[in-house]
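Here's the structure, in structure tokens; my notes come after.
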Amino acid sequence: MALIASIALLITEHKSPRLDPLRSGLSVLIDPLKYLVDMPVMVFKNTQTAISSQTSLKAENKVLREEQYINKSKLLKFDALEKENIRLRALLENSFKLGEQVLIAELLSIKMAPYEHIVVVNKGTRFGVHAQQPVLDTNGIVGQVFRALPFSSEIMLITDLNHAIPVQINRNGLLTIAVGSGQLNRLNLPFLPNNADIRPGDLLITSGLGGTFPPGYPVGVVDDFTPESTKPFPAITATPKAMLDRNRELMIVWTKSTPIPLGVAPTTSEADTKNTVLKPLDTAIPTTTSKPATQKSNHD
Amino acid sequence: MIDQYSLGRILSTVAIAMILRIAPWPDFMVALNPDWVLLTLIYWTLALPERVGIFHAWTFGLLTDVLTGRLFGQHALAYSLISYACIKFHKRLRPFPLLQQQLFIFLFLLVSQLLLFWIKSLHTPGQLPAIFWLPVLTGTVCWPLVYKTLRFVRLLHNSK
Numbered sequence: 001m002a003l004i005a006s007i008a009l010l011i012t013e014h015k016s017p018r019l020d021p022l023r024s025g026l027s028v029l030i031d032p033l034k035y036l037v038d039m040p041v042m043v044f045k046n047t048q049t050a051i052s053s054q055t056s057l058k059a060e061n062k063v064l065r066e067e068q069y070i071n072k073s074k075l076l077k078f079d080a081l082e083k084e085n086i087r088l089r090a091l092l093e094n095s096f097k098l099g100e101q102v103l104i105a106e107l108l109s110i111k112m113a114p115y116e117h118i119v120v121v122n123k124g125t126r127f128g129v130h131a132q133q134p135v136l137d138t139n140g141i142v143g144q145v146f147r148a149l150p151f152s153s154e155i156m157l158i159t160d161l162n163h164a165i166p167v168q169i170n171r172n173g174l175l176t177i178a179v180g181s182g183q184l185n186r187l188n189l190p191f192l193p194n195n196a197d198i199r200p201g202d203l204l205i206t207s208g209l210g211g212t213f214p215p216g217y218p219v220g221v222v223d224d225f226t227p228e229s230t231k232p233f234p235a236i237t238a239t240p241k242a243m244l245d246r247n248r249e250l251m252i253v254w255t256k257s258t259p260i261p262l263g264v265a266p267t268t269s270e271a272d273t274k275n276t277v278l279k280p281l282d283t284a285i286p287t288t289t290s291k292p293a294t295q296k297s298n299h300d
Numbered sequence: 001m002i003d004q005y006s007l008g009r010i011l012s013t014v015a016i017a018m019i020l021r022i023a024p025w026p027d028f029m030v031a032l033n034p035d036w037v038l039l040t041l042i043y044w045t046l047a048l049p050e051r052v053g054i055f056h057a058w059t060f061g062l063l064t065d066v067l068t069g070r071l072f073g074q075h076a077l078a079y080s081l082i083s084y085a086c087i088k089f090h091k092r093l094r095p096f097p098l099l100q101q102q103l104f105i106f107l108f109l110l111v112s113q114l115l116l117f118w119i120k121s122l123h124t125p126g127q128l129p130a131i132f133w134l135p136v137l138t139g140t141v142c143w144p145l146v147y148k149t150l151r152f153v154r155l156l157h158n159s160k
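Which chain is which? The protein sequence lines are P and L, in order.
Heads up, the first sequence is in UniProt numbering, so the first residue is 1 and it goes up one at a time.
Heads up, the second sequence is in UniProt numbering, so the first residue is 1 and it goes up one at a time.
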């Protein structure tokens, strides 16, 4: 009977999301274990902060402040550019997607399963996280929320074998798809012909096609490659920009799906204040007209 | 003798096994990490077959599925099959010396891994490296350790 029940479960979950409530319920039982496993690492980190000397903290503070000044001055210009861009897009009669919010989530030190690049963070549906949300760090795209549970969520990294992300080359706008390689420092670009205009060092950014990832975020940098005339497709690889194996803080992004009406100056992204932790972030670098395309889901 | 405390002991050992399952091992060890929950379950079904049954195995399997983010039911399927075999053969397996037991443990772990492999390959195309099968070996090697520890836990309870 247990066999029949398990097989029924397997088939049901493979076919539909109907079992999600059950999984959420059971995960409430299981999640304390995840936090328990994470605790030694967290305690270690906290003690490290507690015993670090005042001078080192001062130095760190200084560096951070300088960084903030530089970033702020960059943002000054960005505001003007963004407005200009919207005006130009209005001239072209294109709508413009804007306004994203982020939630900072912390990684739990857990190894879920080998051969899969899935990490667990400490924010779940209680914070409004839902599946297929993009996840970033300060350098670029990390992955997407694969499964959101009440107290934690599973995030599939872009390097997972089952993950694919629509990208474009920043230099010339060439569209392609970056597929995970199963190695943390490598992405594959298997769908480009030999004569594609792509060079080592090109920056790959998200194209916004597929709807999961907002356009304009850096994904990776193209590695060296040699075009092979004997094969129809060259083996092009890229290195992810995000520090996939070194970060403890990740940002889960909410994208506003309603485009801004034409010709209207944008109000600075007003927060959907469901949650006080949400912080507004003005990061919509327009690259393509964001048009809805077929949803590219990457399920395990 | 069995009393109501043994269930608490069983649950806590399974919880520890689950912690070991998801502990942040160094990278080379993740691929070797044996299925601690299954090993614990095998011990308890061999030692207390009248106490730990297929239903327990199925429940622990479901929890393991949630824990490791698998498709629902695959660990439940494997665990309930293995626990059935354990309960069926517990009289024969119990008097075996550890080395001979390990042979059977090897078989059990292999069957479980095979089931997981089939389910995985059914719903996701793509090959797995040969190292996928290594947890079976490491699990077999770890069996005496699990056996001794859990036996200690069980007898600790009996002497009280």
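Using N, Cα and C, we set each Cβ at its ideal position, and we do this for glycine too.
Nothing here was measured: the structure is a model prediction, and the numbers come from that model.
Practice problem: Please confirm whether P:Asp223 and P:Ile169 have their CB atoms less than 8 Å apart. | Solution: Residue 223 of chain P sits at position 223 when you count from the first residue of the first sequence. Residue 169 of chain P sits at position 169 when you count from the first residue of the first sequence. Result no, Cβ atoms of P:Asp223 and P:Ile169 do not sit closer than 8 Å.
Self-check item: Listed by chain order, chain L residues near P:Lys111 by CB distance under 8 Å
Solution: If you number the first sequence from 1, residue 111 of chain P lands on position 111. The contacting residues are Ile22, Ala23, Pro24, Trp25, Val30, Asn33.
Quiz prompt | Alpha carbon of P:Glu141 to alpha carbon of P:Pro218, nearest angstrom | solution = Taking the first residue of the first sequence as position 1, residue 141 of chain P is located at position 141. Taking the first residue of the first sequence as position 1, residue 218 of chain P is located at position 218. Reading off the sequence shown, one finds Ile at residue 141 of chain P, where the question assumed Glu. If I take the Cα positions, the gap works out to 6 Å.
Quiz item: Listed from N- to C-terminal order along the chain, which residues in the stretch 152-167 of chain P have their beta-carbon within a distance smaller than 8 Å of any beta-carbon of chain L?
Solution: Glu154, Leu161, Asn162
Self-check item: Of the listed residues P:Thr159, P:Gln183, P:Asn185, nearest to P:Ile177 (C-alpha basis)
Solution: Translated into the one-based positions of the first sequence, residue 177 of chain P becomes position 177. Nearest of P:Thr159, P:Gln183, P:Asn185 to P:Ile177, Cα basis: P:Thr159.
Exercise. Report the option in L:Phe108, L:Arg94, L:Trp133, L:Leu107 whose CA atom is closest to the CA atom of L:Phe117.
Key: As a working mapping, residue 117 of chain L is identified with position 117 in the second sequence. Comparing Cα-Cα distances from L:Phe117 to each of L:Phe108, L:Arg94, L:Trp133, L:Leu107, the minimum goes to L:Trp133.
Quiz item: Nearest CA to the CA of L:Ser121: which residue from L:Val136, L:Arg94, L:Arg70?
Solution: For the purposes of this step, residue 121 of chain L is taken as the residue at position 121 of the second sequence. For L:Ser121, the nearest C-alpha among the options comes from L:Arg70.
Quiz item: Is L:Gln74 close to chain P, meaning its C-beta is less than 8 Å from at least one C-beta of that chain?
Solution: Here the question's residue 74 of chain L lines up with position 74 in the second sequence. For L:Gln74, the answer is yes, since a Cβ of chain P falls inside 8 Å of its Cβ.
Quiz item: What is the residue span of the beta strand (DSSP E) that P:Ser109 lies within?
Solution: The sequence position of residue 109 of chain P within the first sequence is 109, counting from 1. Here P:Ser109 belongs to no beta strand (DSSP E), and DSSP marks it neither H nor E.
Quiz prompt | The alpha helix (DSSP H) enclosing P:Pro21, as first and last residue numbers | solution = Working through the first sequence from its first residue, we reach residue 21 of chain P at position 21. Segment 20-51, the alpha helix (DSSP H) holding P:Pro21.
Quiz prompt | Short Cβ contact (8 Å threshold) for L:Pro144 with L:Leu98 | solution = Reading the second sequence from its first residue, position 144 is the one you call residue 144 of chain L. Reading the second sequence from its first residue, position 98 is the one you call residue 98 of chain L. Cβ atoms of L:Pro144 and L:Leu98: closer than 8 Å.
Quiz item: P:Leu10: which of L:Leu63, L:Gly73, L:Ser6, L:Phe28 sits nearest, CA to CA?
Solution: As a working mapping, residue 10 of chain P is identified with position 10 in the first sequence. The residue with the shortest Cα to Cα distance from P:Leu10 is L:Gly73.
Exercise. Name, please, each residue of chain L whose Cβ falls closer than 8 Å to the Cβ of P:Leu10.
Key: By 1-based counting over the first sequence, the position of residue 10 of chain P is 10. Simply Leu71, Phe72, Gly73, Gln74, Leu77, Ile119.
Quiz item: Taking 7 Å as the cut-off, does the CB of P:Leu189 come closer than this to any heavy atom belonging to the ligand PLP?
Solution: The ligand PLP is absent from the structure shown, which contains no ligand whatsoever.
Exercise. Quickly, what does DSSP pair P:Gln144 with across the bridge? List them, please.
Key: The residue you call residue 144 of chain P lines up with position 144 of the first sequence. Among the bridge pairs identified by DSSP, P:Gln144 is matched with P:Pro134, P:Met156.
Quiz item: Taking only beta-carbon atoms, is P:Lys279 less than 8 Å away from chain L?
Solution: For the purposes of this step, residue 279 of chain P is taken as residue 279 along the first sequence, with counting starting at 1. With a pLDDT of 43 at P:Lys279, under the threshold of 50, the predicted position of this residue should be treated as unreliable, though the coordinate-derived value follows. Not an interface residue.
Exercise. If I'm right that P:Ala148 touches P:Thr125 with Cβ under 8 Å, what's the distance once you round it to whole angstroms?
Key: Here residue 148 of chain P refers to the residue found at position 148 when the first sequence is read from its first residue. Here residue 125 of chain P refers to the residue found at position 125 when the first sequence is read from its first residue. Contact flag correct, Cβ pair sits at about 5 Å.
Quiz item: In chain order, which beta strand (DSSP E) runs of at least 3 residues are fully inside the stretch 168-216 of chain P?
Solution: Counting only runs of 3 or more, we get 175-180, 187-189, 203-206.
Quiz item: Among L:Pro49, L:Pro24, L:Ala47, which residue has its Cα nearest to the Cα of P:Val41?
Solution: Position 41 of the first sequence, counting from 1, holds the residue named residue 41 of chain P. Comparing Cα-Cα distances from P:Val41 to each of L:Pro49, L:Pro24, L:Ala47, the minimum goes to L:Pro24.
Quiz prompt | L:Thr68: contacting residues in chain P (beta-carbon distance under 7 Å) | solution = For this step, residue 68 of chain L is matched to residue 68 along the second sequence. Neighbours of L:Thr68 on chain P, chain order: Met112, Ala113.
Quiz item: Hey, is the stretch 10-22 of chain L in contact with the stretch 36-56 of chain L, meaning 3+ C-beta pairs nearer than 8 Å?
Solution: Between the stretch 10-22 of chain L and the stretch 36-56 of chain L there are three or more inter-stretch CB-CB distances shorter than 8 Å, so the stretches are counted as touching.
Quiz item: Are the stretch 126-138 of chain P and the stretch 181-190 of chain P touching by the rule of at least three beta carbon pairs closer than 8 Å?
Solution: no
Self-check item: Where P:Thr12 falls: helix, strand or coil (DSSP)
Solution: Numbered from 1 along the first sequence, position 12 holds the residue referred to as residue 12 of chain P. Reduced to three states, the DSSP call for P:Thr12 is helix.
Quiz item: Any C-beta of chain L sitting closer than 8 Å to the C-beta of P:Leu81?
Solution: In the first sequence, the residue the question calls residue 81 of chain P occupies position 81. Judged by the 8 Å Cβ criterion, P:Leu81 is not in contact with chain L.
Quiz item: Since P:Ile165 and P:Phe213 are thought to touch, with beta carbons under 8 Å apart, how far apart are those beta carbons, to the nearest angstrom?
Solution: Against the first sequence, residue 165 of chain P aligns to sequence position 165. Against the first sequence, residue 213 of chain P aligns to sequence position 213. The Cβ separation is near 6 Å, so the contact holds.
Exercise. Under 8 Å by Cβ, that's how I've got residue 320 of chain P and L:Val30 pegged, so tell me the actual separation to the nearest angstrom.
Key: A query on residue 320 of chain P cannot be resolved here, the shown segment of chain P reaching from 1 to 300 and no further.
Exercise. Measure the beta-carbon distance from P:Ile7 to L:Val66 and round it to whole angstroms, keeping in mind my assumption that it falls under 8 Å.
Key: Here the question's residue 7 of chain P lines up with position 7 in the first sequence. Here the question's residue 66 of chain L lines up with position 66 in the second sequence. 18 Å between Cβ atoms; not a contact.
Practice problem: Sort out for me which residues DSSP pairs P:Glu249 with in a bridge. | Solution: Position 249 of the first sequence, counted from the start, is the residue given in the question as residue 249 of chain P. According to DSSP, P:Glu249 bridges with P:Glu106.
Exercise. Using a Cβ-Cβ cut-off of less than 9 Å, list which residues of the stretch 97-118 of chain L approach chain P; keep chain order.
Key: none
Self-check item: Between the CA atoms of L:Leu81 and P:Leu3 - distance to the nearest angstrom
Solution: Indexing the first sequence from 1 puts residue 3 of chain P at position 3. Indexing the second sequence from 1 puts residue 81 of chain L at position 81. Cα-Cα distance, rounded: 7 Å.
Exercise. Go through its chain and collect everything with a Cβ distance to L:Leu11's Cβ below 6 Å, but skip five positions before and after it.
Key: The residue you call residue 11 of chain L lines up with position 11 of the second sequence. Cβ within range, chain order: n/a, list empty.
Self-check item: Beta-carbon neighbours of P:Ser27, restricted to chain L and to distances below 7 Å
Solution: Within the first sequence, residue 27 of chain P is the residue found at index 27, counting from 1. By Cβ distance, chain L contributes Val66.
Quiz item: Between which two residues does the beta strand (DSSP E) harbouring L:Ala23 extend?
Solution: Taking the second sequence and counting its residues from 1, one reaches residue 23 of chain L at position 23. Element bounds for L:Ala23: n/a, residue is neither H nor E.
Exercise. Could you give the DSSP three-state label for P:Pro227: helix, strand or coil?
Key: By 1-based counting over the first sequence, the position of residue 227 of chain P is 227. In the structure shown, P:Pro227 sits in coil (DSSP, three-state: anything other than H, G, I, E or B).
Exercise. Can you say whether P:Ala238 is buried or exposed, counting buried as having 16 or more other CB atoms within 10 angstroms of its CB?
Key: By one-based count along the first sequence, residue 238 of chain P stands at place 238. Buried.
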